[in-house]
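Undergrad: Have a look at the structure that comes next, please.
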Amino acid sequence: MDRRTFLKIFGSGVAGATTGNLLSPGRSFAKGDLSGQEFNGILVDTTRCIGCRRCEKACAEVNGLPIPDISESKNEDVLKEPRNTSDTQYTVITKYETEKGTIFVPKRCMHCNQPGCAAACLVKAMKKRPTGHVTWDSNCIGCRLCMISCPFDIPKFEYNKAMPRIQKCNLCYERFKKGELPGCVEACPTGALMSGSRRQILEEGKRRISDNPDKYVDHIYGEYEVGGTSHLYLSAVPFEQIGFRKDLGTVAYPEYSTGFLFAVPFIFVLWPLAMLGINRATKKSKEDEGHHEEHHNEKGKH
Amino acid sequence: MAGEKLNLVDVVPEKQEGPSFKRISDFIDFIKKELKPRGNIATPFNLISLPIMLLGYVLIVLRLAYGLGQPITNLNQQYPWGLWIGFDVVTGVAFAGGAYVLCFIVYILRVEKYHAIIRATVLNGFLAYLFYAGAIVLDIGRWWNIYNPMIGNDFGVNAVMFLVAWHFFLYMLAELVEFSPAIAEWLGLRRLRKILGIMTLGAVVFGITLSTLHQSGLGALMMMAKSKIHPLWYTEFIPILYFVSSIFAGLSMVIFEGSITHKVFSYQVDASHHEHYNDILVGLARICSVAMFGYFFLKVLLVVHEHAVQYINSPMGYWWLFEVIGFILVPCFLFASGAQQRNMAMIKFAAIITMVGIILNRLNYTFLAYNWYVPLSEKYWPSWIELIITASIILTEVWAFRWMVNRMPVLKAPPAWAVEKEH
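Protein chains in written order, with this note's numbering: chain X, 3 to 304; chain P, 6 to 428.
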């Protein structure tokens, strides 16, 4: 790297650290693409899920993760425990006993429209792609603020590796670019998972609810939660019964830090001016200064 | 400077003129000489601290080789941040806040009374950033990428963490510039000393601005943990709470550190300064008391504002009251009455309680009141390795501080040639 490049990069870093937020507060996470490209996502109809865990196996195969045993006897065992995604499982099915009987819920990254993880990332390793996929890159420094900033506790960290990564579902971004379906969607035998543009799956969800008002609760989880997500859920029972938080609100998570970020450029301009002003105003007149110096020299201290 | 292994001929001109370097080899010889320990090596402090430090370094190597998982740290998927971020970095930076507060008082408001302690405070602040904030290298999982936000791979300019990272870096430079006249005096570099002296005001103004932003920025990091931090602690004004608390956290550290250094290095301090020092402590106690009262008021106001009062009568509510009454209101009154009665013991006691309170507060945000609904058995507690490495970093900082105080004009008067008009 020659000096010019270094200065250029260093300069833009300083400028970014100081004024970048004024120029584009909250714009790094796509709020929708001008080209008209839509976010893609998956509609999860929990009334159709049978808990076969084929999506888990397909996901592991696609992403090079340890392949789970999904025989019926094994499934019974595994599903007894409450489950969560991990650094080796991007998607897991959890079993819930509810007022309408047993319900299986596949969980993975919600691919928020404005993800907290991406807004938290200081190197844009977590990114919201214009196609809706939230992906992770290896320029990550491993600070784990994405884990803290995710309302769904999705990003997982490989604690037991010397060269750890952040692990989570990326909505099969690589397969999407090749025109293929996400691994889990392709493997689902019951049509519990349906992929498509967010508009399509939202319409489909609404259609299913209005066609079967007795079957579903009148709510699509993810339509408005945390500003909307690209993963949408349908349910037969209120969502808190199948492990969804209802206290997350409808504000997009990055909005919570914009208040602070907006204040940054103002402080950066006003603070130095105010301080220089006070410094000039408190300067002693010449006579005082002389007296002051004497006093100083007497003590031999400064 | 007991036990100094120098002959008298060396000592006398050095005190007056500082060393002079005609050749590079002179400089290397001087540094070599300065690197050697002075005085009695087998002091109780050294005998206790050295084994801890060495054990810590071994454990640091193991952490880099094996990653952050068990048994190195107890961090897990529910608790991504633990002692190293919560205490070393976030609390350490709050404790280092004394430097920017005193710089504001001395260089901006020109209150000369506090000038005598500015160098020790700035040095402490600088070393705190270097070591405690430097401890972040151990905590970040992919530490070999740490320069990425600096070189633009990639600039996440809208991330609070990006701002904090850059501000840490720039503030360390600003503090180095603020302290550098002492280094120039140590090396006897007169012309450089003059230039660095002129740069002080700029560094101070820049440094205070950076401090305002990253002290509050550390709080802003937690803004998106809205659903995880207990409502008594989570408010949209966390950044302001962090900033206000850094004022008295930093000054309490100045009182605490000062009362130790003035004992340990008392031979370096002239008599008039010793007398004067109590006045300084009383002044600092008054500032702390006022800042803490404001902070207490804010804490209560925000709980009402966020409609969190209903949580007071619950276990977490008692924990909140414990922090707010025991570690804010009580030391606030102790500072006030200690200053009123000129009771130095009371002021120092208040400083220690305040520091414990700041540790509690910052740990509340990182893990104690974070994911507060998780049962106690699943909660994160620091592992012994995390504790030893933390202790080893603190002790290393103390060694570095001692080394510099023993050699540079930090507490002792600067050489005669350097005493000149500064503003």
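Glycine is no exception: its CB is placed at the ideal position from the N, C-alpha and C atoms. Bear in mind that the values here come from a model prediction, so they are computed numbers and not experimental data.
#1: Skipping 5 residues on each side, what residues in its chain have a beta carbon closer than 8 angstroms to that of I222 of chain X?
#2: Hey, quick one: how far does the beta strand (DSSP E) through W138 of chain X stretch, first residue to last?
#3: Determine the chain X residues that contact M229 of chain P at a beta-carbon separation under 9 angstroms, and present them in chain order.
#4: Can you tell me where the beta strand (DSSP E) with D47 of chain X in it begins and where it stops?
#5: According to DSSP, is T96 of chain P helix, strand or coil?
#6: Could you have a look at S212 of chain X and say whether DSSP puts it in helix, strand or coil?
#7: For M277 of chain X and W422 of chain P, what's the separation of their Cα atoms in angstroms?
#8: Between T192 of chain X and the rest of its own chain, which residues show a CB-CB distance below 6 angstroms, the 5 nearest in sequence each way excluded?
#9: Within a Cβ cutoff of 7 angstroms, which residues of the same chain sit near Q345 of chain P, ignoring the five residues on either side of it in sequence?
#10: For the region 73-94 of chain X, list every residue whose C-beta sits within 8 angstroms of some C-beta in chain P, in sequence order.
#11: Might you give, ordered along the chain, the residues of its own chain that have their beta carbon closer than 6 angstroms to the beta carbon of T126 of chain P, omitting 5 neighbours on each side?
#12: For the candidate residues P:A341, P:E402, P:F332, P:L381, whose alpha-carbon lies nearest to that of M360 of chain P?
#13: Is there a Cβ of chain X sitting closer than 8 angstroms to that of E241 of chain P, yes or no?
#14: Return the Cβ separation of G261 of chain X and E383 of chain P in integer angstroms, given the expectation that the two are a contact with Cβ distance under 8 angstroms.
#15: At the 8 angstroms Cβ level, is I188 of chain P part of the contact set with chain X, yes or no?
#16: Assuming W273 of chain X contacts I213 of chain P (C-beta within less than 8 angstroms), just tell me the rounded distance between them.
#17: What's the gap between the Cα of N129 of chain P and the Cα of Q273 of chain P?
#18: How many Å lie between E227 of chain X and F241 of chain X at the Cα?
#19: Within a Cβ cutoff of 8 angstroms, which residues of the same chain sit near H279 of chain P, ignoring the five residues on either side of it in sequence?
#20: Kindly indicate which three-state DSSP category P244 of chain P falls into: helix, strand or coil?
#21: What separation, rounded to the nearest whole angstrom, lies between the Cα atoms of G50 of chain P and A164 of chain X?
#22: Verify the CB distance criterion: does Y235 of chain X have a CB-CB separation below 8 angstroms to chain P?
#23: Can the beta-carbon of L237 of chain P be found less than 8 angstroms from the beta-carbon of M321 of chain P?
#24: Could you tell me the alpha carbon to alpha carbon distance between K348 of chain P and I357 of chain P, rounded to whole angstroms?
#25: Quick one: is Q91 of chain X buried, meaning 16 or more other Cβ sit within 10 Å of its Cβ, or exposed?
#26: Identify the residues that DSSP records as bridge partners of C114 of chain X: which are they?
#27: At what residues does the alpha helix (DSSP H) containing S126 of chain P begin and finish?
#28: Any idea what DSSP makes of E39 of chain P, helix, strand or coil?
#29: Counting only beta-carbon separations shorter than 8 angstroms, does T205 of chain P have a partner in chain X?
TA: Inspection of the coordinates gives the following:
#1: Taking the first residue of the first sequence as position 1, residue 222 of chain X is located at position 220. Cβ neighbours of I222 of chain X beyond the five flanking positions: L204, G207, K208, I211, L234, Y235, L236.
#2: As a first step, residue 138 of chain X is located in the first sequence; it is residue number 136 there, counting from the start. 136-138 is the extent of the beta strand (DSSP E) around W138 of chain X.
#3: Numbered from 1 along the second sequence, position 224 holds the residue referred to as residue 229 of chain P. Simply G118, C119, A121, A122, L147, I150, S151, C152, P153, Y255, P256, Y258, S259.
#4: Against the first sequence, residue 47 of chain X aligns to sequence position 45. 42-47 is the extent of the beta strand (DSSP E) around D47 of chain X.
#5: Here residue 96 of chain P corresponds to residue number 91 of the second sequence, with the count starting at 1. T96 of chain P falls in the helix class under three-state DSSP.
#6: Here the question's residue 212 of chain X lines up with position 210 in the first sequence. Correct three-state label for S212 of chain X: helix.
#7: As a position in the first sequence, residue 277 of chain X is number 275, starting the count at 1. As a position in the second sequence, residue 422 of chain P is number 417, starting the count at 1. Computed Cα separation, rounded: 30 angstroms.
#8: Counting from one through the first sequence, the residue named residue 192 of chain X turns up at place 190. The residues are R50, I52.
#9: Taking the first residue of the second sequence as 1, we reach residue 345 of chain P at position 340. So no residue of the chain qualifies.
#10: N86, S88, D89
#11: Your numbering for residue 126 of chain P matches position 121 in the second sequence. The answer, listed in chain order, is G103, A104, L107, V259.
#12: As a working mapping, residue 360 of chain P is identified with position 355 in the second sequence. Comparing Cα positions, the closest option is P:F332.
#13: Mapped onto the second sequence, residue 241 of chain P falls at position 236. Yes, contact with chain X.
#14: Taking the first sequence and counting its residues from 1, the one referred to as residue 261 of chain X is at position 259. Taking the second sequence and counting its residues from 1, the one referred to as residue 383 of chain P is at position 378. Wrong, their Cβ atoms sit about 32 angstroms apart, outside the cutoff.
#15: As a first step, residue 188 of chain P is located in the second sequence; it is residue number 183 there, counting from the start. So no, I188 of chain P is outside the interface.
#16: To locate residue 273 of chain X, count along the first sequence from 1; it is residue 271. To locate residue 213 of chain P, count along the second sequence from 1; it is residue 208. W273 of chain X to I213 of chain P, Cβ: 7 angstroms. Contact.
#17: As a position in the second sequence, residue 129 of chain P is number 124, starting the count at 1. As a position in the second sequence, residue 273 of chain P is number 268, starting the count at 1. Going by the C-alpha atoms only, they are around 17 angstroms apart.
#18: Walking along the first sequence from the start, residue 227 of chain X turns up at place 225. Walking along the first sequence from the start, residue 241 of chain X turns up at place 239. Roughly 12 angstroms separates the two Cα atoms.
#19: Within the second sequence, residue 279 of chain P is the residue found at index 274, counting from 1. The residues are H267, S271.
#20: Start at 1 with the first residue of the second sequence, and residue 244 of chain P comes out as number 239. Here P244 of chain P sits in helix by DSSP.
#21: Taking the first residue of the second sequence as 1, we reach residue 50 of chain P at position 45. Taking the first residue of the first sequence as 1, we reach residue 164 of chain X at position 162. The residue asked about is misnamed: residue 50 of chain P is Phe in this sequence, not Gly. Cα-Cα distance, rounded: 34 angstroms.
#22: By 1-based counting over the first sequence, the position of residue 235 of chain X is 233. Judged by the 8 angstroms Cβ criterion, Y235 of chain X is not in contact with chain P.
#23: Counting from 1 along the second sequence, the entry for residue 237 of chain P is found at position 232. Counting from 1 along the second sequence, the entry for residue 321 of chain P is found at position 316. The answer is yes: Cβ separation under 8 angstroms.
#24: The sequence position of residue 348 of chain P within the second sequence is 343, counting from 1. The sequence position of residue 357 of chain P within the second sequence is 352, counting from 1. One detail in the question is off: residue 348 of chain P reads as Asn in this sequence, not Lys. Using only the alpha carbons, I get a separation of about 15 angstroms.
#25: Indexing the first sequence from 1 puts residue 91 of chain X at position 89. Classification of Q91 of chain X: buried, given that the 10 Å Cβ count is 16 or more.
#26: Numbered from 1 along the first sequence, position 112 holds the residue referred to as residue 114 of chain X. In DSSP, C114 of chain X forms a bridge with X:T231.
#27: Position 121 of the second sequence holds residue 126 of chain P. A small fix is needed here, since residue 126 of chain P is Thr in this sequence, not Ser. Where T126 of chain P is concerned, the enclosing alpha helix (DSSP H) stretches over 123-136.
#28: The sequence position of residue 39 of chain P within the second sequence is 34, counting from 1. It is helical.
#29: Counted from its first residue, the second sequence places residue 205 of chain P at position 200. Output row for T205 of chain P: interface = no.
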